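Report on one structure; see the data block that follows.
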Amino acid sequence: MTDTLPAKADPSLDAVTERLLTTQSPQRPLVTPAFDVEIDGRTLSARAGQTILEVCRENGIEVPTLCYEPKLPGFGACRMCVVDVEGEASPPISCSREAEPGMTVQTQTPRLRQIRKTNLELIFSDHNAYCLPPCQNRCPSHIDIPGFLKANTEGNFIESARIFKRTIPFPSVLGRVCPAPCEEHCRRDEVEEAIAIRDSHRYAGDQVLKAQAAGMKAPVPFEVQPASGKRVAVIGSGPAGMSSAYYLAIAGHDVTVYERDPAPGGMLRYGIPQYRLPKVEVLEAEYQGAWDLGVKLVTNAELGKDFTVSDLQNQGFDAVVVAIGCYDTNRLGIPGEDADGVIDGLEYLRIATLGLPYPGHAGTRVVVVGGGFSSMDCSRTSVRQGAAEVTLVYRRDMKDMPAASEVHEMLEEGARAIFQAAPVRVVTDAANKVTGMEFIRMALGAPDASGRRRPEPVPGTEFIIECDRVLLAIGQGPELSWTSRGADGVNASKQKRLAADAITFSTGRPGVFGTGDVRTGAATVVASVAEGRRCAYAVDAYLQGMDLEAIRTRQTLAEPQPEFLSIVPYTGETKQPRIRLKGMPIEVRKASYVEYEIPYTQEEAMAESGRCLQCTCEAIGYCDLRRQGIEYGTTLRKLEPGRDGTSYRSVNENRFTGINHDYLRDDSHAFILREPARCIDCGRCANVCKEVVGAACYDFMRTGFDTLVTTPLDMSLNTTPCVSCGRCAETCPTGALMPKPRVLEKYEVDESRCILCGICVDACPYDALRCGPDFELAHESREEPMIDLLAISSIERDSELSYVRRERDWLARARAQGRDIPATRLLPMLPTGVANGNGNGTSANGHGPRPGGGGGTHAHAK
Amino acid sequence: MELLAGRSGWPSILLGRAATLAPDAGIEAAEAAGAWSAWKNAVASIAPDALIASVERSGLRGRGGAGFPAGRKWRAVANADRGQRYLVANGFGADPGAHAERLLLERDPHGVLEGLALAAYAVGATEATIVVRAGSGSAAARLRAALAAAEEKGYLGSAVLGTSIRLSVTVRELAGSFVTGEETVLLRALEDRRAQPDQRPPYPATKGLWGRPTLVQNVQTLAAVPWIVTHGAEAFAATGTPDAPGTILLSLSGALGRPGIVEAPMGTTLRDLLDLAGGATGTLKALLVGGPTGGFLPAASLDLPLGYGTLTEAGALVGSGSILAVGSETSIVELATLLTRYLSDESCGKSIPCRIGLRRLAELGDGLCTGLCRPTDEALIRSLSADVRDAALCGLEAGAPNPLLSGMRYFADEFAAASAGGSAPAAAARPGVSA
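Chain order of the listed sequences is Z and E. Add 60 to a position in the first sequence, counting from 1, and you land on the number used in the numbering used here. Add 590 to a position in the second sequence, counting from 1, and you land on the number used in the numbering used here.
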């Protein structure tokens, strides 16, 4: 060193200081001048230099952001945080605009919501990815299907049932009665055949029931909350009511269920035959899970007859959930409908499902009218009750039947089916007794305005089926006469159903909610259960005193409505056929009420679940894009599978379509998984990697529509200066960058192939590798690694305890193993006190011998 | 492009010398024609504050496109916090159809340098950068030669004219897309960072190059300053219109008899300008005024005077000062779509509505051109345009919907015909953005 050079500070230190000063959010002293601003009508205190967004976040006002990274100054790419500032023509973005004294700000005007919605729609129009797997999206209750199938594969059936119960409390019941719409959309179909999703959860649920019989309590999906002191009355113990009661009980409320019948279950008990759903072994056993949670039951109590809604509220119930279902069978409106021998299908099933013979049914000729599940149950039960001849008549084609999946089983059991025929009249004798029924053939007419071809009668094709009994199963509506007394404010909708909101389930009367079939009209069990659960969330929000109107606007209780775009078909999978449930021989089952399907063995259940392709987005639950997409109602509700094996996006709801990018997944890096198709180009990873970490692995590449935040030349992260810190994955608002799921817990080094190059020793950012005592210390003789670890770690991270903790734990472990750690090798992010605690801390060469020798051959990757 | 003669009696503020001086004449000849006298005068006898006041009184507005009052900008920089300040002269000339910046730098680099020196002196900037588009031929070379000569003479450098005034000037040639002309993008590019805009405010006047107060001014604006110093603010304010005094360089191209550049006072009607360029070659259908982010005006609006307010109201822009004459054989639907596609491709890709929204606009335009459109597409274009504009990060994004919007405003029939499935009127020629 010469004297002529001016004394200068260490330039690297300067660089670090500079970076700190220019890129880290300014640490403003708390004494900066404070002033008032008005945001959404609230007068709030702001400090000089704070952005509008910071003021909002401090005060719990949520402004959506995608590209905003709290550690860094506002970036301004996503345009989601636009707010309205009084007196300004176009809305500024709140992450970059500083609050000024006297500012009046609105964060949720219709115009702002429109701008945000357009932004999201634009993102989705180039988002070649999906959130939920198709099966889960299709499920009315959005069960985590890949999740429970994975647990099944591992043989962990109790956990599988627990996952299931997060969305539906009754895996065994649904395992028997669900029409399994999920299976129609299973992507395994692109390989060979859809997975038996329903049979798989049936198996898992049954294992729980078995364990319950042995004394175990049913698993509860969530931590039961402490008692809230609020009381909820649920009217109706069918699928909707019980699912509501179940989740309300978990939320800590005191729930009482009112049931008009002597036993709980509603349609599950009185509408679905024993051979499909065993009452004691399955229904009652599974309902036990709800009683275990403290749900109380009052039977033989009918709404409108034994009590009114007002009565319940006067008794001190804080909320009342009406889930009484649909029990009024629709009328055909044809001559002779009142004849002796025309029977309401539900009335019939009510007796028959209990396993009791319906009076005079044996030996008669029966015509069943309808195409839903009730019509199947009527037909198949009639067969079992010894009817001489059973004929099902449906006015549309078989493929249009809601219960199409069951038709072949019905036919096997000996019933007949006639499609595309509509009832004209009931033929009666002089005593007004049924002797037959006249039908007319239907044909598809010309397409109407909506493009649908409606069936129309073909004149001259009338025909008569001779019969003794007619069972009507043509759908049901709710019974609403109770609304006229002690239920002011509760009204019927135009469709003659209970009027209640689809998100908050509120009726016109505060504290009274409506859910299930009574609100939607007769639907499947799974749809009712989903309704019940969502209603429970709304009631819970109401009981917590939240503003339901705000919840409705922001759709915070809405179910995930994820986006689907083209999904790359699977082709590389080994074909592995579906394992089907076997049924009892037809001759045996047609005379028996015993459940006719033979369950899986454990091996079969595990193997079938193992066929799942696990096509789920790993970021689900963490994705900001998805959350905002739901709030702004921009995501698509439909998946339209193409027959060529690919699926295409539904254009019904996103206003914008056009070409979209298809990028390749990059899993070459050991810790970070890159899925550029899910990238929204917000730039957060690039900014964090460059400004906070210093490695600068990512940047905006290319221009225009083709811009993508990626590595130079889209190279593997392994080729960039990546230090595997994981900050990019941490900041990513979507699933474009994710911590890679690790299966390995430990690496083994193959000593026969190691050439002692020492590169691994150099590269390991956590100093997990070390050369043994017999060899030269590789990294001491080499140049410093390319990454400026010192600079990276000099950045203040005291607030981020995890990093410090990780370092401390590593140090403790190393010392416990007798390893000698010189301070120079510590990542200096450790508080200096910790680093210098080592007596040998300042030694230049602190690599002493390790006990046991052989160091360097094993390294724990954890 | 050819320099067209203006009407007699028009003031010649920007190119007064250029008409008589050979481009390579050298500094002596330029000085003989009046160059650098204002600078010497200012250094000797005008305080920076008085200079700013004079520019304020003159009413000079920035010629970069938006027409922000120059004096106000200077004042903001001068009042910004102490310490290092910068001046950036924007001679990038982003609009491929406008050639004013390049012509000015080629013909009279001393005028630009002198204006730059005056502005830097007024706002207290000691470092100035002139940005020239890479590959713009002799502009950079002549500018560099003029700069070297001025430094040699002591007009610029470490001790200007023997005083303690310090002004170091560098010429930077930048390559980049259309968006590079935006001021924050330009600053990022000068910092060797990725050319993407930043949210304003903060404006460069408070937080510009390297985070310091920076005066960013178009070279054409700067070139007017020596004239103001020499002839007085009041004389300048008397030219042009009261709202926008002075002259502007206009690039006239398209279906014209004699395309070229003309210096015209603000307030000149479009009809006069077309006459100077030889008039329309065929039946004039429309004018694209203001460059790719400008707007279409119908032939009926030829009596519209050139002004910031009047043009914006009519749906166009002063913008880059480019005026493209569109003949009757050209489809406005196609041309508007072409411009939208161009802007989409030139987008830096930072802002989401810009990156995807402009592409979707271009695709909707394509749909109209090919007949593959839905009846609701026109409404969708309007709605998307409004959202893109309101959520815009920079000027490119905010102006990008203009061609389609102004097209739909004045040529509704053509769009309706396209929307109804009949393709747009036959398009024999597809004039590019640059003539």
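Every residue, glycine too, gets a C-beta built ideally from N, C-alpha and C. Model, not experiment: these values are computed from the prediction.
Using only the alpha-carbon positions, how far apart do residue i and residue j sit?
i: T831/E; j: P855/E; result: 8 Å
i: L983/E; j: G771/E; result: 14 Å
i: R455/Z; j: N390/Z; result: 15 Å
i: G795/Z; j: D684/Z; result: 9 Å
i: V809/Z; j: V678/E; result: 58 Å
i: G535/Z; j: F433/Z; result: 10 Å
i: L724/Z; j: C138/Z; result: 23 Å
i: T796/E; j: V667/E; result: 6 Å
i: C782/Z; j: A789/Z; result: 12 Å
i: R653/E; j: Q810/E; result: 6 Å
i: D858/Z; j: E114/Z; result: Low confidence applies to D858/Z: its pLDDT is 38, below 50, so where it sits in the model is not reliable, and the reading given next is rough at best. Their backbone Cα atoms lie some 21 Å apart in a straight line.
i: G431/Z; j: E283/Z; result: 42 Å
i: E691/Z; j: Y602/Z; result: 19 Å
i: G120/Z; j: R594/Z; result: 25 Å
Using the beta-carbon of each residue, which ones in chain Z are nearer than 9 Å to residue i?
i: S975/E; result: Result: empty, since nearest Cβ-Cβ is about 10 Å, beyond 9 Å.
Excluding five sequence neighbours on each side, which residues of the same chain lie with their C-beta closer than 6 Å to the C-beta of residue i?
i: S758/E; result: E717
i: L372/Z; result: A293 and V380
i: P241/Z; result: R198
i: A69/Z; result: Here A69/Z scores only 44 on pLDDT, less than 50, and its place in the model should not be relied on; the value that follows carries that caveat. Cβ neighbours of A69/Z beyond the five flanking positions: none.
i: I971/E; result: L954 and L994
i: A823/E; result: S644, R647 and S648
i: G747/E; result: E741
Go through its chain and collect everything with a Cβ distance to residue i's Cβ below 7 Å, but skip five positions before and after it.
i: P637/Z; result: E252 and E253
i: Y418/Z; result: Y408, I411, A412 and Q445
i: A665/Z; result: N212, S260 and Y263
i: P991/E; result: L951, S975, V978 and R979
i: S1009/E; result: L958, C963, P965, D967 and E968
i: D508/Z; result: R514
Report yes if the C-beta of residue i is less than 7 Å from at least one heavy atom of the ligand COA; otherwise report no.
i: I603/E; result: Summarising the ligand content, the structure contains no ligands, and the ligand COA is consequently not present.
Interface residues of chain Z around residue i at Cβ under 7 Å?
i: D967/E; result: Those do not exist, as D967/E stays about 10 Å from chain Z at its closest Cβ, beyond 7 Å.
i: Q789/E; result: G134, G136, I153 and S156
Can you give me the Cβ contacts of residue i inside the same chain, cut-off strictly under 8 Å, excluding the 5 residues immediately before and after it?
i: C672/Z; result: I205, P206, L209, K210, T213, R248 and I255
i: G549/Z; result: T567, G568, R569, P570 and V572
i: G376/Z; result: R291
i: S784/Z; result: H729, A730, F731, I732 and P825
i: L35/Z; result: Nothing about residue 35/Z can be reported from this structure: the residues present for chain Z run from 61 to 922 only.
i: R949/E; result: S934
i: S85/Z; result: Residue placement at S85/Z is poorly supported in this model, since its pLDDT is 46, which falls under 50; the coordinates still yield a value, given next. Result list for S85/Z: P130, K131, L132 and P133, in chain order.
Chain Z partners of residue i, CB-CB under 8 Å?
i: A981/E; result: R139, V142, P151, I175, T178 and N179
i: R784/E; result: D759 and F760
Taking Cβ-Cβ distances shorter than 9 Å, what residues in chain E pair up with residue i?
i: F716/Z; result: I946, G947, R950, E953, L954, L970 and L974
i: T767/Z; result: S937, C938, G939, K940 and R945
i: D352/Z; result: Ordered by position in chain E, no residue passes the 9 Å Cβ test against D352/Z, which lies about 49 Å from the chain.
Would you mind telling me which residues of chain B sit closer than 9 Å to residue i, beta carbon to beta carbon, in chain order?
i: I183/Z; result: Among the protein chains in the structure shown, which are Z and E, there is no chain B.
List the residues of chain E whose Cβ lies closer than 8 Å to the Cβ of residue i, in chain order.
i: T763/Z; result: S767, D935, E936, S937, C938 and G939
i: D266/Z; result: Ordered by position in chain E, no residue passes the 8 Å Cβ test against D266/Z, which lies about 49 Å from the chain.
Give the residues of chain E in contact with residue i, contact being defined as C-beta atoms less than 7 Å apart.
i: D186/Z; result: I946
TODO: Report yes or no: do three or more beta-carbon pairs, one from the segment 487-498 of chain Z and one from the segment 460-479 of chain Z, lie closer than 8 Å?
DONE: no
Task: Runs of alpha helix (DSSP H) lying entirely within the segment 650-706 of chain E, each at least 4 residues, in chain order - done: Within the segment 650-706 of chain E, the complete alpha helix (DSSP H) runs of at least 4 residues are 660-669 and 690-697.
Open item on the list: Any contact between the segment 901-919 of chain E and the segment 672-692 of chain E? By contact I mean 3 or more CB pairs, one from each, below 8 Å.
Closed with: yes
Task: Unbroken stretches of the alpha helix (DSSP H), 4 residues or longer, contained in the segment 133-209 of chain Z - done: 170-185 and 194-198
Open item on the list: Check whether the segment 929-945 of chain E and the segment 159-170 of chain Z are in contact - that is, three or more C-beta pairs closer than 8 Å.
Closed with: Too few Cβ pairs lie closer than 8 Å, so no.
TODO: Could you tell me whether the segment 630-646 of chain E touches the segment 654-668 of chain E, where touching means 3 or more Cβ pairs closer than 8 Å?
DONE: yes
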